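J.: Below is a structure I'd like to ask you about.
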């Protein structure tokens, strides 16, 4: 198997039901994600997407290309929150391959190109 | 300003069983459609012994153990003033539906930036199965402190 230089995954647009489901599944019921008024009071136009939902998509970016048990580590720095209605575009760029492990640098952007998160993943390659 | 005496504060470990229905709901929430995560026959069909949890699922197990909101309350930080700044996971062994994990969280660090306008709280979580660590995670929370002038 060749190791792709670039992997991509588009998610969304994030709907209110996605945020409600993620709140239920994750136990993160912060009203910033669910209540437009709270989001406004916090300085956001619309409810904020859980950073962990963006990170879950980053996880899917890896597992759909390399399999369910390929991920050795995943790290994310949240830069600007995605908001309700955003499309989240995940992209991974191969940074290094050593000893059967690939390292990808990951970015998440919205459709306007605003950087939402950056991160890195270490992936065990199939032998 | 968060008192640095909280560094080292650890939650009492508790054991959380990984439930198939919970994993399925999580998959639905994140748009994961691969049934190997909740359907044992589908998992066996691809050569897996059991249903593996999706990459960030353990964050939900961590929350079932002790929420970050509860940690913030303990520190006297209003939950509406915080954002999730960073998150990482190190996966040391696969985790499956049906596993029971012992979970504990510890405040690893807290520090200020921008003359106290921002406080950071770093929380590490350890996930163990039969005494062996299967995953560690680190969450960094940023607190937007209200300024005296506001």
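Residue numbers (this note's numbering), protein chains in the order written: chain A, 229 to 355; chain B, 25 to 174.
Backbone N, C-alpha and C define an ideal beta-carbon position, used for all residues, glycine too.
The model shown is predicted, which means the values in this text are computed figures rather than measured ones.
Of the residues 265/A, 315/A, 293/A, 251/A, which one's Cα is nearest the Cα of residue 343/A?
T.: Measuring from the Cα of residue 343/A, the nearest candidate turns out to be 315/A.
J.: With 16 as the cutoff for other CB atoms within 10 Å, does residue 25/B come out buried or exposed?
T.: Looking at its Cβ environment, which holds fewer than 16 other Cβ atoms inside 10 Å, residue 25/B is exposed.
J.: Leaving aside the five residues before and after residue 354/A along the sequence, list all residues of the same chain whose C-beta is less than 8 Å from its C-beta, in chain order.
T.: So the qualifying residues of the chain are 229, 294, 295, 298.
J.: Looking only at its own chain, which residues have a Cβ that is under 6 Å from the Cβ of residue 265/A, when we skip the five neighbours before and after it?
T.: none
J.: How many angstroms separate the CA atom of residue 128/B from the CA atom of residue 156/B?
T.: 13 Å
J.: Does the beta carbon of residue 328/A come closer than 8 Å to any beta carbon on chain B?
T.: no
J.: Identify the continuous alpha helix (DSSP H) that holds residue 51/B and give its terminal residues.
T.: 44–54
J.: Sorted by chain position, which residues of the same chain lie with C-beta nearer than 6 Å to residue 333/A's C-beta, five sequence neighbours on each side aside?
T.: Non-local C-beta neighbours of residue 333/A in its own chain, meaning closer than 6 Å and more than five positions away in sequence, comprise 321, 323, 348, ordered along the chain.
J.: Looking at residue 255/A and residue 80/B, is the spacing between their C-beta atoms short of 8 Å?
T.: no
J.: Taking only beta carbons into account, state which residues of the segment 54–67 of chain B come closer than 8 Å to chain A, listed in chain order.
T.: 54, 55, 56, 58, 60, 61
J.: So which residues of chain A does residue 136/B contact, with C-beta pairs closer than 9 Å?
T.: Simply none; closest approach about 19 Å.
J.: With residue 30/B and residue 131/B assumed to form a contact (beta carbons below 8 Å), what rounded beta-carbon distance in angstroms separates them?
T.: Rounded to whole angstroms, the Cβ separation of residue 30/B and residue 131/B is 5 Å, and the two are in contact under 8 Å.
J.: So, with DSSP's three-state summary, where would you put residue 88/B?
T.: helix
J.: At a CB distance below 9 Å, what residues from the segment 295–327 of chain A approach chain B? Give them in sequence order.
T.: 295, 296, 297, 299, 300, 301, 302, 303, 304, 305, 306, 309
J.: Of the residues 144/B, 84/B, 43/B, which one's Cα is nearest the Cα of residue 64/B?
T.: The option with the nearest alpha carbon to residue 64/B is 43/B.
J.: Mind pulling the alpha helix (DSSP H) runs of 4 or more residues that sit fully within the segment 91–152 of chain B?
T.: Counting only runs of 4 or more, we get 92–99.
J.: Taking three-plus beta-carbon pairs below 8 Å as touching, is the segment 117–125 of chain B in contact with the segment 65–79 of chain B?
T.: yes
J.: Three Cβ pairs or more, each shorter than 8 Å: is that satisfied between the segment 277–285 of chain A and the segment 51–68 of chain B?
T.: Touching, yes, given that three or more Cβ pairs across the two stretches are closer than 8 Å.
J.: Anything in chain B within Cβ reach of residue 288/A, meaning under 8 Å, just list it in chain order.
T.: Correct list: 54, 55, 56, 78, 79.
J.: Just how far apart, CA to CA, sit residue 100/B and residue 93/B?
T.: 10 Å
J.: Express the C-alpha separation of residue 253/A and residue 84/B in angstroms, rounding to a whole number.
T.: Near 7 Å, if we compare the C-alpha coordinates of residue 253/A and residue 84/B.
J.: Which partner residues does residue 343/A have in the DSSP bridge list?
T.: 337/A
J.: I'd like the span of the beta strand (DSSP E) that includes residue 302/A, first residue to last.
T.: 299–306
J.: Around the Cβ of residue 268/A, are there at least 16 other Cβ atoms within 10 angstroms (buried) or fewer (exposed)?
T.: exposed
J.: According to DSSP, which residues form a beta bridge with residue 239/A?
T.: 316/A
J.: Grouping DSSP H, G and I as helix and E and B as strand, with all else coil, what is residue 41/B?
T.: strand
J.: Residues of chain B with a CB under 7 Å from the CB of residue 256/A: which are they?
T.: 87
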